[in-house]
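Below is one structure, written out as structure tokens; the observations come after it.
Protein chains in written order, with this note's numbering: chain B, 114 to 481; chain C, 114 to 481.
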């Protein structure tokens, strides 16, 4: 019986842990009280099995780590049902955190993984030995012309990937089609001038059919990457676009992923990669969000470590980063990283081009 | 300037609250540091405004309640972007909880709300003055024949709505098409025998296009209601199916909604109703999940209270309920409620029909 496994933290006492662990295994599969399942087929092919219960260790440690094996068939190899088995109902139980999951090759074979990943994005950008740079077009409310002006400026500064802010949807002040047309033209013109290729990555967001239309248009217009928010618009839809329509790399954005009870290294590190992200944006420690240094390290490791045939995906640390932190960031992550500095560049006002050039130069230097 | 508003709990000190509140308003719209936005258009039409800051009250109260007004245009009136503005990035900040949101009629006019709601479901079931009954087909792993047998049994017992367990996807042991065909036939046969109409509600889950195919097939086969998991498969896709394809009532299931930092009365009470749910399943207090009595009360109130042209939607309390609690549940919620008892019925083993009949009789009596 092939299985995949989930690791949960369960916050309970030693005398309750066995029944709580069994409770999770039942909840996530048969959703019946203990003792009710009689059918040997269900017992064998569906029921989750508690494999391991170990006390958490370390100072202030409480509760237990529980590994549950789920038969592969319970997932139906379906991108929605997989998440449902991992954490569907248990997400509602406040004593449980989903820490990690492990998938056999027979499961991952049904998922795309990154189609470009680190090697593919480097090839596209012809940038081999250094960390990459990324910034965001903002603010929401700016016109397509203003966003295209910024896009050209960042392209002239040599920033590798210029992405839409995740708040740029299809609002009246910068409709998707106009914005993408103008920004893509801007990076192409800048490339003509500078001889250096940079990528504009529009934000794909809305209902499933709106996202499909946006993606088709963006690819027609020649964009070389896109951004999506899998927790906001749904992992199953992300999976579908990646497997059916997407011809360019995709960055995953963590909007609405504040389900703090799913560990970020799993959610953003493993699951985003499994479902096809080529790079994953997440809040770096010390910025205006609150991931710890260990979380960032582990998240980046999950994105880059060997995983079957999946290429490595880029960590894209972000969230209140400053140009002054570039050296530290490159030391921390190494060169297989995209450094995303957005809002703080804009503080430069009229010196935005110079500040952007400084960002680029610092990253190139720090990677040397 | 028309606005919609969000209410956040922010866990910080009195001397930091003003800047944290402003930080949230900026984060959720322009995503720029204070002072950078110069453009008067953006200032006027996009930027979130802190309207109110009040200290939390009560014993053990800490932190503040902050109301932020967002210009309607920031949402683009888009079902994905609305959630993004409410809690996209801020969901990543552990000091912030999204407590509530209020929407003007010019926003709700772009959302379906319940198409059937309490009056429409009562009409369908011809059940006017009592609480309704609901149970779940399980376990995952049972064959279509076995599920159809259970479906017929529950229909004979007179349970109003017989829904798939939310773990029934399109697995090999009970493929969607076979299962729905068999179960729908079972309720129709039972209706012939008993002269009483009950509804089978299959679980619609998968990628956006798989869900569309499932829904088309289910409606062709004559099903009279369906269930979906908006947090698992995405609110924008839920919105799209409701507005474009769905001809029957839909129950929303809370799988993966353990984002404890979005208050359940908002997420399950208001947002599910706004996006079109006719009934919303959620864990009742005292079961195997952990909502408080106040949370359940408030959630039910949000589903049923007057809201523009939207009909009321059914609260569907569930999660480890027992037949013995029926009286208490009906007293607590009143008759405009669907009582969902799943797993605990199955404990009856060979007496499942009798136990189901007892469930039905108790609800009818308690509502009298």
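Where a beta carbon is used, it is the ideal one built from N, C-alpha and C, also for glycine.
Since this is a predicted model, take the numbers as computed values, not measurements.
Q: Assign residue 324 (chain C) to buried or exposed, taking buried as 16 or more other Cβ atoms, counted over all protein chains shown, within 10 Å of its Cβ.
A: Residue environment for residue 324 (chain C): buried (at least 16 other C-beta atoms within 10 angstroms of its C-beta).
Q. Ordered along the chain, which non-local residues of its own chain (more than five positions away) have a Cβ less than 8 Å from that of residue 306 (chain C)?
A. Counting only Cβ-Cβ distances below 8 Å, and skipping sequence neighbours, we find 269.
Q.
So if I threshold CB-CB distances at 7 Å, which residues from the stretch 173-197 of chain C count as touching chain B?
A. Sequence-ordered contacts of the stretch 173-197 of chain C with chain B read 186, 187, 189, 191, 192, 193, 194, 196 and 197 [C-beta pairs closer than 7 Å].
**Q.** residue 214 (chain B), enclosing beta strand (DSSP E) - first and last residue
**A.** Segment 209-215, the beta strand (DSSP E) holding residue 214 (chain B).
Q) Between residue 244 (chain C) and residue 448 (chain C), which are expected to be in contact by the criterion C-beta below 8 Å, what is the C-beta distance as a whole number of angstroms? A) Going by Cβ atoms, the distance from residue 244 (chain C) to residue 448 (chain C) rounds to 5 Å, so yes, they are a contact pair.
Q) Are the CB atoms of residue 472 (chain C) and residue 246 (chain C) nearer to each other than 8 Å? A) A contact, by the Cβ cut-off of 8 Å.
Q. By Cβ distance, which residues of its chain are closer than 6 Å to residue 140 (chain C), with the 5 residues on each side in sequence left out?
A. Excluding the 5 residues flanking it on each side, residue 140 (chain C) has same chain C-beta neighbours closer than 6 Å at 202 and 203, in chain order.
Q) Out of curiosity, what's the CA-to-CA distance linking residue 286 (chain C) and residue 326 (chain B)? A) The alpha-carbon atoms of residue 286 (chain C) and residue 326 (chain B) are separated by roughly 35 Å.
**Q.** Contact set between the stretch 262-294 of chain B and chain C, restricted to residues whose Cβ is under 7 Å from the partner
**A.** Correct list: 278, 279, 280, 282, 283, 284, 285 and 286.
**Q.** Validate contact between the stretch 421-428 of chain B and the stretch 392-412 of chain B using beta carbons, cut 8 Å, 3 pairs
**A.** The count of Cβ pairs closer than 8 Å, one atom from the stretch 421-428 of chain B and one from the stretch 392-412 of chain B, reaches three, so the stretches are in contact.
Q) Can you tell me whether residue 341 (chain B) is buried or exposed, with buried defined as 16 or more other CB within 10 angstroms of its CB? A) Flag for residue 341 (chain B) reads buried.
Q: Could you have a look at residue 156 (chain B) and say whether DSSP puts it in helix, strand or coil?
A: Residue 156 (chain B): helix per DSSP, three-state reduction.
Q. Apart from the five residues just before and just after residue 379 (chain B), which ones in its own chain have a Cβ nearer than 7 Å to its Cβ?
A. Once the five neighbours on either side are set aside, the close Cβ partners of residue 379 (chain B) are 211, 212, 213 and 214.
Q. DSSP state of residue 116 (chain B), grouped into three classes?
A. In the structure shown, the three-state DSSP call for residue 116 (chain B) is strand.
Q.
I'd like the span of the beta strand (DSSP E) that includes residue 428 (chain B), first residue to last.
A. Where residue 428 (chain B) is concerned, the enclosing beta strand (DSSP E) stretches over 427-431.
Q: Hey, could you find the ends of the alpha helix (DSSP H) residue 365 (chain C) is sitting in?
A: No alpha helix (DSSP H) contains residue 365 (chain C), which is instead part of the beta strand (DSSP E) from 363-365.
Q) Taking Cβ to Cβ, would you say residue 254 (chain C) is nearer than 8 Å to residue 143 (chain B)? A) Result yes, Cβ atoms of residue 254 (chain C) and residue 143 (chain B) sit closer than 8 Å.
Q | Residue-chain proximity (residue 335 (chain B), chain C), Cβ-Cβ < 8 Å | A | Taking Cβ atoms only, chain C never reaches closer than 8 Å to residue 335 (chain B), which makes this a no.
(Q) From the DSSP secondary-structure annotation, give me the bridge partner or partners of residue 449 (chain B). (A) Beta-bridge pairing links residue 449 (chain B) to no other residue.
(Q) Along the chain, where does the beta strand (DSSP E) containing residue 395 (chain C) start, and where does it finish? (A) Annotation: the continuous beta strand (DSSP E) that includes residue 395 (chain C) extends over 392-396.
Q. What is the DSSP secondary structure of residue 173 (chain B), counted as helix, strand or coil?
A. In this structure, DSSP gives residue 173 (chain B) a state outside helix and strand, which the three-state scheme calls coil.
(Q) DSSP three-state label for residue 423 (chain C), please. (A) The answer is strand: DSSP assigns residue 423 (chain C) an E or B state.
**Q.** Alpha-carbon to alpha-carbon, residue 412 (chain B) and residue 197 (chain C)
**A.** If you draw a straight line from the Cα of residue 197 (chain C) to the Cα of residue 412 (chain B), it comes to about 23 Å.
(Q) Against residue 251 (chain C), what residues of chain B qualify as contacts under a CB-to-CB distance less than 7 Å, listed in chain order? (A) Against residue 251 (chain C), the close residues of chain B are 143, 144 and 145, in the order they occur along the chain (beta-carbon pairs closer than 7 Å).
Q.
If I measure Cβ to Cβ from residue 138 (chain C) and keep anything under 6 Å in the same chain, skipping five residues before and after, which residues do I get?
A. Within its own chain, the residues whose Cβ lies closer than 6 Å to the Cβ of residue 138 (chain C), once the five positions on either side in sequence are excluded, are 161, 163 and 181, listed in chain order.
Q. Can you find a CB in chain B that lies within less than 8 Å of the CB of residue 497 (chain C)?
A. With chain C running from 114 to 481 in the structure shown, residue 497 (chain C) is simply not present.
**Q.** Three CB pairs or more closer than 8 Å across the stretch 310-324 of chain C and the stretch 345-356 of chain C
**A.** The answer is yes - the stretch 345-356 of chain C touches the stretch 310-324 of chain C, with three or more Cβ pairs under 8 Å.
Q: List the residues of chain B whose Cβ lies closer than 8 Å to the Cβ of residue 228 (chain C), in chain order.
A: Neighbours of residue 228 (chain C) on chain B: none; closest Cβ ~17 Å, over 8 Å.
Q | DSSP bridge partner residues for residue 122 (chain C) (one or two, in chain order) | A | Under DSSP, residue 122 (chain C) forms a beta bridge with C:178 and C:210.
Q. Can you list the residues of chain B that residue 528 (chain C) reaches, using a CB-CB cut of under 7 Å?
A. No answer is possible for residue 528 (chain C): it lies beyond the span of chain C, which begins at 114 and ends at 481.
**Q.** residue 481 (chain B) burial status per 10 Å Cβ neighbour count (16 or more: buried)
**A.** Within a 10 Å sphere around the beta-carbon of residue 481 (chain B) sit fewer than 16 other beta-carbons, which makes this residue exposed.
Q. With a Cβ-Cβ cutoff of 8 Å, do residue 271 (chain C) and residue 311 (chain C) count as a contact?
A. Between residue 271 (chain C) and residue 311 (chain C), the gap from beta carbon to beta carbon is short of 8 Å.
**Q.** Within 8 Å, strictly: CB atoms of residue 315 (chain C) and residue 336 (chain C)
**A.** In this structure, the beta-carbon distance from residue 315 (chain C) to residue 336 (chain C) falls below 8 Å.
Q. So which residues of chain C does residue 460 (chain B) contact, with C-beta pairs closer than 7 Å?
A. For residue 460 (chain B), the chain C residues whose Cβ falls inside 7 Å of its Cβ are 146 and 149, in order along the chain.
Q.
Below 8 Å, how does it come out for the stretch 219-239 of chain C and the stretch 352-371 of chain B: are there three or more Cβ pairs, yes or no?
A. By the Cβ rule, the stretch 219-239 of chain C does not count as touching the stretch 352-371 of chain B, because fewer than three pairs are nearer than 8 Å.
Q) Any Cβ of chain B within less than 8 Å of the Cβ of residue 200 (chain C)? A) With respect to chain B, the C-beta atom of residue 200 (chain C) has a partner C-beta closer than 8 Å.
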